[in-house]
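When you line the sequence shown up against this note's numbering, it's residues 17 to 562, in that order. Heads up, the beta-carbon is just placed ideally off N, CA and C, and yes, glycines get one too. Below you'll find the structure, written out as structure tokens, and then a few comments.
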Amino acid sequence: MRQPLLTSTAAYQALQNHAAKARDWQMRDLFAQDPQRFERLSVEAAGLFLDYSKNRLDGRTLELLKTLVQERGVERLRDAMFAGEKINLTEGRAVLHTALRAPRDRQITVDGQDVGADVHAVLDHVKTFSDAVRNGDWVGHTGKQITDVINIGIGGSDLGPKMVCLALRQFAHPRLTMHFVSNVDGHDMDAALSRVNPETTLFIIASKTFTTAETMMNANTARQWFLQSAGEEALARHFVAVSTNVEAIKKFGIDPANMFPFWDWVGGRYSVWSAIGLPVALCVGFGYFSDFLAGAHAMDEHFRNAPIEQNLPTILALIGFWNREFLDCASVSIAPYHQDLNRFPAYLQQLEMESNGKRVTRAGDVITDYETCPTIWGDVGTNGQHAYFQLLHQGTDVTPIDFIAALRPAHEFHNHHAALLANCFAQSEAFMKGKTADEVRQDLAGQPADEIERLAPHKTFPGNRPSNTILMEYLTPATLGALVALYEHKTFVQGALWDVNSFDQWGVELGKVLAKKIEAELNGEAQPAQHDSSTNGLIARAKAAV
Ligand code: G6Q
């Protein structure tokens, strides 16, 4: 159904008028005017606490944003998603990653099929298999226990399990080393294979379609490498698959008994909760994997039931929307102050940019008068402070930041943790307050007057730069699950406001076919085609180097 254009709605226009004033607000003043600002502008759910007081907004802004959510039917679309309606319009699919983490007794049907029963049957298989590998009952073809797991997949079949295995490092099985090979660049495969023994290695071929060129090339290379030291009959002990494509798996030579299915209503970037999470279950055990699912489910329940003004994912989405649409912020930096979350920015980059990096509405109209998804990027603190934070403090663009931290560490170096948190909080304070030229002059007092005036502009910080801070007590499977689900639902709400289909990815599909012609030319299997002079020149140089 064609929605009225976002910018034509009364709520959007009210926000535009409001923003004309808000652009001049100084956060320093907002804090000075309201001693309760932190209490008023913070919210807690599913083990996560969000402080959003360091943003350029007030109570009126939030009221207007709430009206927009209501006017745009976001809650209706949310309920349609949870109910299994086919809201992925361009692929005619339901969007049910939430069903992957729902309790066993929750009834969800798609086209008359009991999705909940299917999900739990696969989870049971994941449990049996991961238990067997972890306790040593599942052995390689020479009778040795598995020591290394290599997950071969890319995009949604790689980023989630890799991010989660790294994040939950402290819960990992001591015998199992996890490896993730995604890149078609042979160096990636070479690095993994050079560290493992075929007798004790388990390969997981993870591909929803089982046709993705990079994954298929890597899977075939792994198979050939393995068969250098073992017969075909040994494959069944060392190769398992996660996919929706049973036929392709059989053709590859994997025993269908070692296949973990999932379904077309699970988008790649939303699939870590499905059997794509098998590496997680192997790494931390099925019990912790279940806790991860339960944490996400707790966030789902909150998202479905909490009123807008207390709804953590909705608030996070609205702040991002406000910054993007009305305060001209073209990118968002993700700064986890937790080393184990070092792949989280990359994970969110896919989640948000692949979901909402769209330029047409759900009805197919080209969006010309508002912006959609900002660029998402980042790295762990405190490392980023010594690199790109310079631009965040004093560059010409304003980039909002999401700080993420655990209040308690999982190590015993407590002085490190105090230093880490101090940096995290000090940065958000500095972004908000900045440093005025007068404050700089006071700092420089005692130096010659002309020197003070020369240096003052360089040492001045404009401040008034927005940030959110998300805190959890510990980084556990459950809080990580809640954190990922928080951003999934944030992405959903923003997509609904922008009126884009957050669940297709035609840009990614394009990449899957684009290289084929040139690859054939590079391999001498096809005559050089007529490209532009740049592409022709690059191909010629590559061929000359072979
Ligand atoms: C995710 C994307 C994309 C996908 C990969 C791998 O939402 O569609 O990242 O996950 O291209 O696809 P396969 O799992 O089919 O190999």
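Query	Result
Specify the secondary structure class of R375 as computed by DSSP and reduced to three states.	coil
With burial defined as no fewer than 16 other Cβ atoms inside 10 Å of the residue's Cβ, what is the status of Q86: buried or exposed?	exposed
What does I221 pair with, by DSSP beta-bridge criteria?	I168 and A257
Thinking E370 and Q161 are a contact (beta carbons under 8 Å), I'd like their distance in whole angstroms, please.	Not a contact, Cβ separation roughly 38 Å.
Does the distance from the CB of T564 to the CB of E215 come in under 7 Å?	This structure cannot speak to residue 564, because the chain is shown only from 17 to 562.
Which residues in the same chain have their Cβ closer than 7 Å to the Cβ of A115, if we skip the five residues on either side of it in sequence?	I124, V131, G132 and V135
What are the boundary residues of the alpha helix (DSSP H) that L209 is part of?	G202 to L209
Rank R378, T391, A312 and P177 by C-alpha distance to the C-alpha of I350 and give the top, closest one.	T391
Under a three-way DSSP split, which group does Q546 fall into?	coil
Report back the beta-carbon spacing between S518 and N372 to the nearest angstrom; my notes put them in contact at under 8 Å.	6 Å
Three-state secondary structure (DSSP) at W514?	helix
Is R109 near ligand 1, with its Cβ less than 6 Å from a heavy atom?	no
In three-state terms, what does DSSP make of P464?	coil
Run through DSSP, which three-state label would R424 get?	coil
Helix, strand or coil for D418? Go by DSSP, reduced to three states.	strand
Could you tell me whether any non-hydrogen atom of ligand 3 is closer than 6 Å to the CB of T225?	Among the ligands modelled here, namely ligand 1, ligand 3 does not occur.
Which value, in whole angstroms, describes the spacing of the CA atoms of N399 and L357?	13 Å
Within 10 Å of its beta-carbon, does G380 have 16 or more other beta-carbons around it, so buried, or fewer, so exposed?	exposed
For Q355 and N274, I'd like the C-alpha separation in whole angstroms.	34 Å
Report whether the distance from the Cβ of G132 to the nearest heavy atom of ligand 1 is below 6 Å.	no
For R72, which residues of its own chain have a beta-carbon under 7 Å away from its beta-carbon, when the five flanking residues on both sides are left out?	A38, W41, M43, L343, N480 and P482
Quick check on the burial criterion: 16 or more other C-beta atoms within 10 angstroms. Buried or exposed for H254?	buried
Could you tell me which whole alpha helix (DSSP H) segments of length 4 or greater appear in the segment 272 to 316?	294 to 300
Any chance the CB of R18 is under 6 Å from a heavy atom of ligand 1?	no
Go ahead and pull the three-state DSSP assignment for N104.	strand
Going by the beta-carbon positions, is the gap between A426 and C440 smaller than 7 Å?	no
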